[in-house]
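Undergrad: Count along the sequence shown starting at 1, add 21, and that's the number in our numbering.
Where is the CB? At the ideal position from N, CA and C, for every residue including glycine.
This structure is a prediction, so every number in the text was calculated from the model and none was measured.
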Amino acid sequence: MSQHNERRVERATRELKRVEQFWQTTLPTSFRELYTHYTCPFVAPCEFFTLRAIVQGTGREFGMLPSFLPFGLDIDEGGIYGFYATDEPSDLWPVLYWEADEMFLRPVSSDFDAFLRRCVLVGRYQTEMQGPDDTADADAEQDRRELARILDLPEDLITGPVPGNDTLLYERLIASDPMDAVSLCHVGCARLAWGRRERALDYFHRACEAAPYFGDALYLVAYVHLEQENYARAVQGWWGVVQRLLLLCTRTYAWDLGADHPEADIYEVAADGLSQLTEHATPDMLASPLWRVITQEEPYDPDVREQLGNTLLGLGDLAGAEREYLNALSLCAADASRQPDRLYDALIALYERCARHRESALAQFDRTLPRPAV
Numbered sequence: 022m023s024q025h026n027e028r029r030v031e032r033a034t035r036e037l038k039r040v041e042q043f044w045q046t047t048l049p050t051s052f053r054e055l056y057t058h059y060t061c062p063f064v065a066p067c068e069f070f071t072l073r074a075i076v077q078g079t080g081r082e083f084g085m086l087p088s089f090l091p092f093g094l095d096i097d098e099g100g101i102y103g104f105y106a107t108d109e110p111s112d113l114w115p116v117l118y119w120e121a122d123e124m125f126l127r128p129v130s131s132d133f134d135a136f137l138r139r140c141v142l143v144g145r146y147q148t149e150m151q152g153p154d155d156t157a158d159a160d161a162e163q164d165r166r167e168l169a170r171i172l173d174l175p176e177d178l179i180t181g182p183v184p185g186n187d188t189l190l191y192e193r194l195i196a197s198d199p200m201d202a203v204s205l206c207h208v209g210c211a212r213l214a215w216g217r218r219e220r221a222l223d224y225f226h227r228a229c230e231a232a233p234y235f236g237d238a239l240y241l242v243a244y245v246h247l248e249q250e251n252y253a254r255a256v257q258g259w260w261g262v263v264q265r266l267l268l269l270c271t272r273t274y275a276w277d278l279g280a281d282h283p284e285a286d287i288y289e290v291a292a293d294g295l296s297q298l299t300e301h302a303t304p305d306m307l308a309s310p311l312w313r314v315i316t317q318e319e320p321y322d323p324d325v326r327e328q329l330g331n332t333l334l335g336l337g338d339l340a341g342a343e344r345e346y347l348n349a350l351s352l353c354a355a356d357a358s359r360q361p362d363r364l365y366d367a368l369i370a371l372y373e374r375c376a377r378h379r380e381s382a383l384a385q386f387d388r389t390l391p392r393p394a395v
C-alpha cells in the first residue's frame, strides 16, 4: 500500500471512530469498508455524507426519531437514508428513508449490505429508464463494477438484465432482500389488482414480519380483510396500525389500491375505521387507554398524546410511553406556538431510566437544532 493510501486509511479509521462515538455504536462492517475506500461514497441514488458531516449531525432534525441515524441523501427524491438503530447488532440494522416534507419514515432495506445491493439495482434501473447517455452510463457502470469488487457484491447485480417495469424491479429487489417490506407491499398491491387476494395477503403478511414497526403493511392487511367483509380481522389490522409510531405510517397514495381509494394518512384511515367498527373490537382493545384516545378523543392533538404517554408510564408500559412522547413530539415539532421542551425532558428521562444512552444523547442533540418550518 502506498503512503498516500496508508494516510487515507488512517484518516478514515479516525473519522469512523468519531462516528462511532457520536452514534455510540460499532458501525456495520460493510459501512466501515465503504468509507475506508471512499471519502465521499456515491452509489446512485444515494449520495453518502462525509464522515465529518455525520459527526456534525447532517441529516438530523428537531423532532426526529432519536434512533434514526442519517448517513446519505437521495439525489432524486431529496429524502434522507439512515439506520434504524434497534437492539440487534449494527450489521443487522434496517435502513429507513426519511421524507422530510411529509414527515414520515419508511423501510428501505433489511440491513446495510442489502441497501448497497438495492442501490446498484435501482441505479441501473433508473439509468435505463432515463434513456441512453453513453458517457454517463459508462462512468456509472465503471463505478458499480469497482464497488462490487471492493465490497464483494454479486456479479449478477452488475451484469444481469435490467427489470423492464416497476413490478419486475420490486420482484428483483425481493429476490435480493427477502425482508424488503416496501417491495413486498408493492408486489402485493400488484397481485391485488390482478384479483389474487390471498396471494396479496401473503405478501402483506411477509411485509409485516419483515418490518413489524411499519404501519403501512398492517394497513394493507386490514384493507384486504375489509374488502372481504371480514370486519374483525380488519379491526385487528387497524389496531396494529395505531400501535405504531405516527412517523412510521405513510400515506394511502403510496400504494396502488385503485382510483376510488381515499388519499389520506394511513394512520387517520385506520383510526376512522376503528371508530366506525367498534362492535368488532376485542375486550383488550376496548380496555386500552390508546383505544379511548383513538376513538373518543383527538389523536392528532399533541397534548392528548403526551397525557397518554404519562398514563402509560404510570402503568409501567415504557414502550407505550416512548411511542406516545414521540408521537406528541412529531405532532408539535413544526408548531411555533408550542414548546416541546417538556416532551424532550420526558423522553430523555425515559431513555436514561432504561439505560438507552445513545437515544438519550441524540435526543439531547436534536433538541438544540432549529425547529422545522411549517
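(1) With a 10 Å radius around its C-beta and 16 neighbouring C-beta atoms as the bar for buried, classify Cys-67 as buried or exposed.
(2) Grab me the residues of Ile-171's own chain with a C-beta within less than 6 Å of its C-beta, minus the 5 sequence neighbours each way, in chain order.
(3) Using a Cβ-Cβ cutoff of less than 6 Å, which residues in the same chain neighbour Trp-44 once the five nearest sequence positions on both sides are dropped?
(4) Quick one: residues in its chain with C-beta nearer than 8 Å to the C-beta of Leu-117, no 5 flanking neighbours on either side, listed in chain order?
(5) Output yes or no for whether 8 Å exceeds the beta carbon distance between Glu-192 and Val-208.
(6) Short check: CB of Thr-271 to CB of Glu-284, under 8 Å?
(7) Please go through the stretch 163-232 and give each complete alpha helix (DSSP H) segment of 4 or more residues, from N-terminal end onward.
(8) Can you tell me which residues form a DSSP beta bridge with Asp-286?
(9) Does the distance from the C-beta atom of Pro-62 to that of Ser-111 stay below 8 Å?
(10) Confirm, please, whether the CB-CB distance from Leu-311 to Leu-329 is below 8 Å.
(11) Pick out the complete beta strand (DSSP E) segments inside the stretch 29-102, 3 residues or longer, and give them in chain order.
(12) Would you check if there are 3 or more beta carbon pairs closer than 8 Å linking the stretch 130-145 to the stretch 172-190?
(13) Quick one: grab the DSSP three-state call for Arg-254.
(14) Based on the DSSP secondary-structure assignment, which residues constitute the bridge partners of Ser-130?
(15) What's the call for Gly-80, buried or exposed, on a 16-neighbour Cβ count within 10 Å?
(16) Are the beta-carbon atoms belonging to Leu-339 and Leu-371 less than 8 Å from one another?
(17) Under 8 Å between the Cβ atoms of Glu-36 and Leu-94?
(18) Check for me: the alpha helix (DSSP H) holding Leu-306 runs from which residue to which?
(19) Just to confirm the assignment, what range does the alpha helix (DSSP H) spanning Gln-328 have?
(20) State yes or no: is the C-beta of Leu-352 within less than 8 Å of the C-beta of Ala-342?
(21) Considering only DSSP beta bridges, list what Tyr-105 is partnered with.
(22) Using alpha carbons as the reference points, say which of Leu-55, Arg-377, Glu-327, Phe-133 lies closest to Glu-167.
(23) For a quick check, are the C-beta atoms of Val-256 and Leu-222 less than 8 Å apart?
(24) Near Ser-197, what residues of its chain come up, given a Cβ to Cβ distance below 6 Å and the 5 sequence neighbours on each side ignored?
(25) Do you know how far the Cα of Arg-363 is from the Cα of Arg-388?
(26) Whose C-beta lies closer than 6 Å to the C-beta of His-301 among residues of the same chain, with five residues either side of it excluded?
(27) What are the complete alpha helix (DSSP H) segments, minimum 4 residues, inside the stretch 331-394?
(28) What is the residue span of the alpha helix (DSSP H) that Asp-237 lies within?
(29) For Tyr-321, collect the residues of the same chain with a Cβ closer than 7 Å to its Cβ; drop the 5 residues on either side in sequence, then sort them by chain order.
(30) Applying the criterion that 16 or more other CB atoms from any shown protein chain within 10 Å of the CB defines a buried residue, is Leu-113 buried or exposed?
(31) In whole angstroms, give me the CA-to-CA distance for Leu-241 and Glu-319.
(32) Pull the bridge partners of Phe-125 from the DSSP assignment, please.
(33) How many Å lie between Trp-215 and Gly-144 at the Cα?
(34) State the Cα-Cα distance for the pair Glu-380 and Pro-87, rounded to the nearest angstrom.
(35) With distances taken from CA atoms, which of Pro-184, Ala-308, Ala-280, Gln-317 is nearest Ser-296?
TA: If we stick to the structure as given:
(1) Taking the sequence shown and counting its residues from 1, the one referred to as residue 67 is at position 46. Cys-67 should be labelled buried.
(2) Taking the first residue of the sequence shown as position 1, residue 171 is located at position 150. Cβ within range, chain order: His-58.
(3) The residue you call residue 44 lines up with position 23 of the sequence shown. Closer than 6 Å at Cβ, skipping near neighbours: Leu-90.
(4) Your numbering for residue 117 matches position 96 in the sequence shown. Within the same chain, Leu-117 has close Cβ partners Phe-89, Tyr-102, Gly-103, Phe-104, Tyr-105, Leu-126, Arg-127, Pro-128, Val-129.
(5) Residue numbering aside, residue 192 sits at position 171 when the sequence shown is read from its first letter. Residue numbering aside, residue 208 sits at position 187 when the sequence shown is read from its first letter. Yes, Cβ-Cβ distance for Glu-192 and Val-208 is below 8 Å.
(6) Looking up residue 271 in the sequence shown gives position 250. Looking up residue 284 in the sequence shown gives position 263. No, the Cβ-Cβ distance between Thr-271 and Glu-284 is not below 8 Å.
(7) 176-180, 187-197, 202-214, 218-231
(8) As a first step, residue 286 is located in the sequence shown; it is residue number 265 there, counting from the start. DSSP output for Asp-286 lists Arg-272 as bridge partner(s).
(9) Here the question's residue 62 lines up with position 41 in the sequence shown. Here the question's residue 111 lines up with position 90 in the sequence shown. In this structure, Ser-111 does not lie closer than 8 Å to Pro-62 by Cβ.
(10) For the purposes of this step, residue 329 is taken as the residue at position 308 of the sequence shown. For the purposes of this step, residue 311 is taken as the residue at position 290 of the sequence shown. Yes, the Cβ-Cβ distance between Leu-329 and Leu-311 is below 8 Å.
(11) 67-69, 89-95
(12) yes
(13) Against the sequence shown, residue 254 aligns to sequence position 233. It is helical.
(14) In the sequence shown, residue 130 corresponds to position 109, counting from 1. Val-116, per the DSSP bridge assignment.
(15) Here residue 80 refers to the residue found at position 59 of the sequence shown. Gly-80 comes out buried.
(16) For the purposes of this step, residue 339 is identified with residue 318 of the sequence shown, where counting begins at 1. For the purposes of this step, residue 371 is identified with residue 350 of the sequence shown, where counting begins at 1. Yes, they are a contact pair.
(17) Locating residue 36 in the sequence shown gives position 15, counting from the first residue. Locating residue 94 in the sequence shown gives position 73, counting from the first residue. Contact: no.
(18) For the purposes of this step, residue 306 is identified with residue 285 of the sequence shown, where counting begins at 1. The amino acid at residue 306 is misidentified as Leu; the sequence shows Met. Its alpha helix (DSSP H) spans residues 304-308.
(19) Locating residue 328 in the sequence shown gives position 307, counting from the first residue. From DSSP, the alpha helix (DSSP H) with Gln-328 extends over 323-335.
(20) Counted from its first residue, the sequence shown places residue 352 at position 331. Counted from its first residue, the sequence shown places residue 342 at position 321. The answer is no: Cβ separation not under 8 Å.
(21) Start at 1 with the first residue of the sequence shown, and residue 105 comes out as number 84. DSSP lists Phe-89 as partners of Tyr-105.
(22) Within the sequence shown, numbered from 1, the residue matching residue 167 stands at position 146. Of the candidates Leu-55, Arg-377, Glu-327, Phe-133, the one whose C-alpha sits nearest the C-alpha of Glu-167 is Leu-55.
(23) By 1-based counting over the sequence shown, the position of residue 256 is 235. By 1-based counting over the sequence shown, the position of residue 222 is 201. No, these two residues do not count as a Cβ contact at 8 Å.
(24) By 1-based counting over the sequence shown, the position of residue 197 is 176. Arg-138.
(25) Locating residue 388 in the sequence shown gives position 367, counting from the first residue. Locating residue 363 in the sequence shown gives position 342, counting from the first residue. Roughly 11 Å between the two C-alpha positions.
(26) Counting from 1 along the sequence shown, the entry for residue 301 is found at position 280. The residues are Tyr-252, Ala-253, Val-256.
(27) 339-353, 362-374, 378-387
(28) By one-based count along the sequence shown, residue 237 stands at place 216. Where Asp-237 is concerned, the enclosing alpha helix (DSSP H) stretches over 236-248.
(29) Position 300 of the sequence shown holds residue 321. Cβ neighbours of Tyr-321 beyond the five flanking positions: Leu-352.
(30) Here residue 113 refers to the residue found at position 92 when the sequence shown is read from its first residue. Leu-113 is exposed by the Cβ-count criterion.
(31) Here residue 241 refers to the residue found at position 220 when the sequence shown is read from its first residue. Here residue 319 refers to the residue found at position 298 when the sequence shown is read from its first residue. If you take the alpha carbons of Leu-241 and Glu-319, they lie about 24 Å apart.
(32) On the sequence shown, position 104 is the one that residue 125 refers to. The partner list for Phe-125 (beta bridge, DSSP) reads Glu-120.
(33) By one-based count along the sequence shown, residue 215 stands at place 194. By one-based count along the sequence shown, residue 144 stands at place 123. Using only the alpha carbons, I get a separation of about 28 Å.
(34) As a working note, residue 380 is residue 359 in the sequence shown. As a working note, residue 87 is residue 66 in the sequence shown. So the two alpha carbons sit approximately 5 Å from each other.
(35) Residue numbering aside, residue 296 sits at position 275 when the sequence shown is read from its first letter. Looking at the Cα atoms, Gln-317 is the closest of the given residues.
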